[in-house]
DNA sequence: GCACTAATGCGACTCGAGTTGCAATACCGG
DNA sequence: CCGGTATTGCAACTCGAGTCGCATTAGTGC
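Chains as they are written, first to last, in my numbering: chain A, 1 to 210; chain B, 1001 to 1210.
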């Protein structure tokens, strides 16, 4: 979706790559300084030293900018810390994830993609893929805990991760209640308690998706 | 925020009320048919048989339209069903809430306010107030359960409600995973299990909000 | 009813997002 | 180094969101 060059030859050469980097960096800065509501193609183009037509042609508009900037900025080789108890590792993960959204540089971009998902199909896919990726990696916290006997076997590891993260994002972006560190601790304790009670044990998942 | 008439006299007379109703209905229909991304003041104004200047003056723009339309459309005397067990009542509540967001008529408006909250302070306050109100009412499910001995005393009733709803909204609007009825059941079971484990028992809530 | 004024209608205007056709530039393979 | 083509720059254009001043209409209090 970033660029749709179906013509015979693609040209990922120096200038193209330089422009992408310049535009993505400009988008990140614009988002950090002015926010998603004020993000405009022209400002980004000018800041990146690129003509706005180029941005429209390669990214299609603000949605594409936001999506590509996220993929440009995220840390691809992140792994959760597995050195403590389940509770400690989950709390650590929750804090890191929350910080990523509150961070002055990259936070606005994360938020912007979530916001863009309300208006753009590409953004929906990007957000979905982002969470699938992060949840998949964080799942090792749970599988390790299962191996250590901290949680019952057959526990759906991704379900536990989601149970930890859902209240945090809900407070942040839906109910707009704000998130304290105590909320993180409560989310972790609730998820672990539910897992120990067998709620997340893999059972036949009936009921079709809507 | 709907109208800012600080001049000496307000005039909530017949025409004003009629126009508000027409505009709000038009907004609901536009949202249902075209969605939030395509919502425009001009379309709403034309549909309502009102000049666009009037809409801009009284509502300020699309954000105001969305916010006021929600307040126009929500059912003010809703009360949760308390006839079953905690699990049954919570599951019933979760289904009703989910239906409200998936409903063809009012659902798009709920979604639109959540989306608008990413761009407008008024929308943030509206969403915040909406959830505070709904959570407050649904809390009677928990207080009743405490009286019946189904849950430990000292349980923070709103925390339980939020624990039920958070995963649902998270899947709907953040991770974009879709929601099945099995997910609702799991959310209810997790919240109840956590409450029974004492996770939501009112304790000194340290950690400041961010 | 009648005066007074809030609320609305109306048209013209500004301004910025997004598009298009064409010229200039820079990468790529030889 | 050189020709071919993808990519970009450029300028002019369209189109719709939002604003402003003024005329008109319709509540409100008497």
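From the three backbone atoms N, C-alpha and C, an ideal C-beta is built for every residue, glycine too.
Looking only at DSSP bridge pairs, what is residue i linked to?
i, result
"residue 155 (chain A)", "A:201"
List, in order along the chain, the chain B residues whose C-beta lies closer than 8 angstroms to that of residue i?
i, result
"residue 177 (chain A)", "1128, 1131"
Excluding sequence positions up to five away, which residues of its chain have a Cβ less than 7 angstroms from the Cβ of residue i?
i, result
"residue 1140 (chain B)", "1080, 1082"
"residue 114 (chain A)", "127, 173"
"residue 1069 (chain B)", "1024, 1027, 1028, 1109"
"residue 1124 (chain B)", "1117"
"residue 137 (chain A)", "78, 79, 80"
"residue 95 (chain A)", "184"
"residue 1107 (chain B)", "1100, 1101"
Along chain B, which residues have their Cβ under 9 angstroms away from the Cβ of residue i?
i, result
"residue 137 (chain A)", "Within chain B, no residue comes near residue 137 (chain A); the closest Cβ sits about 15 angstroms away, beyond 9 angstroms."
Along chain A, which residues have their Cβ under 8 angstroms away from the Cβ of residue i?
i, result
"residue 1066 (chain B)", "By Cβ distance, chain A contributes nothing, its closest Cβ being about 12 angstroms from residue 1066 (chain B), past 8 angstroms."
"residue 1119 (chain B)", "36, 37, 115"
Residues in the same chain with beta-carbon distance under 6 angstroms from residue i, minus the five sequence neighbours each way, listed in chain order, please.
i, result
"residue 195 (chain A)", "151, 155, 160"
"residue 167 (chain A)", "187"
"residue 22 (chain A)", "48"
"residue 1001 (chain B)", "At residue 1001 (chain B), the pLDDT of 39 sits below 50, so the modelled position is not reliable; the number obtained from the coordinates is stated separately. Hits under 6 angstroms: 1122."
"residue 153 (chain A)", "146"
Mind listing the chain B neighbours of residue i? Cutoff is C-beta to C-beta under 7 angstroms, in chain order.
i, result
"residue 114 (chain A)", "1174"
At 7 angstroms on the CB atoms, spell out the chain A contacts of residue i, in chain order.
i, result
"residue 1124 (chain B)", "176"
Under 8 angstroms Cβ to Cβ from residue i, same chain only, skipping five residues before and after it: list those, please.
i, result
"residue 189 (chain A)", "87"
"residue 1091 (chain B)", "1184, 1185, 1188"
"residue 192 (chain A)", "86, 87, 90, 151, 160"
Interface residues of the stretch 77-107 of chain A facing chain B [CB-CB below 7 angstroms]: Listed by position, the residues of the stretch 77-107 of chain A near chain B (Cβ gap below 7 angstroms) are 102.
Sequence ranges, alpha helix (DSSP H) only - wholly within the stretch 12-45 of chain A, length at least 4: For the stretch 12-45 of chain A, whole alpha helix (DSSP H) runs of length 4 or above, ordered along the chain, are 14-34.
Interfacial residues, the stretch 1047-1059 of chain B to chain A, with Cβ spacing under 9 angstroms: Nothing from the stretch 1047-1059 of chain B brings a Cβ to less than 9 angstroms from some Cβ of chain A.
Contacting positions in the stretch 178-205 of chain A - beta carbon closer than 7 angstroms to chain B: Listed in sequence order: 178, 179, 180, 181, 182, 186, 189, 190, 193, 194, 197, 199, 205.
Positions along the stretch 155-169 of chain A whose CB lies within less than 8 angstroms of some CB in chain B: Cβ contacts with chain B come from 159, 162, 163, 165, 166, 167, 169.
Those runs of the alpha helix (DSSP H) which lie wholly inside the stretch 58-117 of chain A and span at least 4 residues: Listed in chain order, the complete alpha helix (DSSP H) runs (minimum 4 residues) inside the stretch 58-117 of chain A are 62-73, 86-102, 107-116.
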